[in-house]
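Engineer: Per the working numbering, the sequence shown starts with residue 4, numbered consecutively. Virtual Cβ for every residue (Gly too), placed ideally from N, Cα, C.
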Amino acid sequence: IITGKGALAQLNIETGVPITDIEPLVLFNVLFFLIAAVNPGNGKFVTDVDEEE
Numbered sequence: 004i005i006t007g008k009g010a011l012a013q014l015n016i017e018t019g020v021p022i023t024d025i026e027p028l029v030l031f032n033v034l035f036f037l038i039a040a041v042n043p044g045n046g047k048f049v050t051d052v053d054e055e056e
């Protein structure tokens, strides 16, 4: 469905939450995933020795 509206407006869903309440959550979400994408991480996969044989 392409109407030029947002995803919820296309389905006639009204959340009743003002945009000023949603905006900080969206900014946090964007910043979190940006940092997660840039940070390579340093974890290692650990396997059991018995399973390799």
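Any idea what DSSP makes of glutamate 26, helix, strand or coil?
Structural biologist: Counted from its first residue, the sequence shown places residue 26 at position 23. Note: glutamate 26 maps to helix in three-state DSSP.
Engineer: How many Å lie between alanine 39 and asparagine 45 at the Cα?
Structural biologist: Counting from one through the sequence shown, the residue named residue 39 turns up at place 36. Counting from one through the sequence shown, the residue named residue 45 turns up at place 42. Using only the alpha carbons, I get a separation of about 12 Å.
Engineer: Assuming leucine 11 and threonine 18 are in contact, meaning their beta carbons sit under 8 Å apart, how far apart are those beta carbons, in whole angstroms?
Structural biologist: Sequence index remark: in the sequence shown, residue 11 carries index 8 (1-based). Sequence index remark: in the sequence shown, residue 18 carries index 15 (1-based). Right, their Cβ atoms sit about 6 Å apart.
Engineer: Got a sec, what are the start and stop residues for the alpha helix (DSSP H) leucine 11 sits in?
Structural biologist: In the sequence shown, residue 11 corresponds to position 8, counting from 1. From DSSP, the alpha helix (DSSP H) with leucine 11 extends over 10-13.
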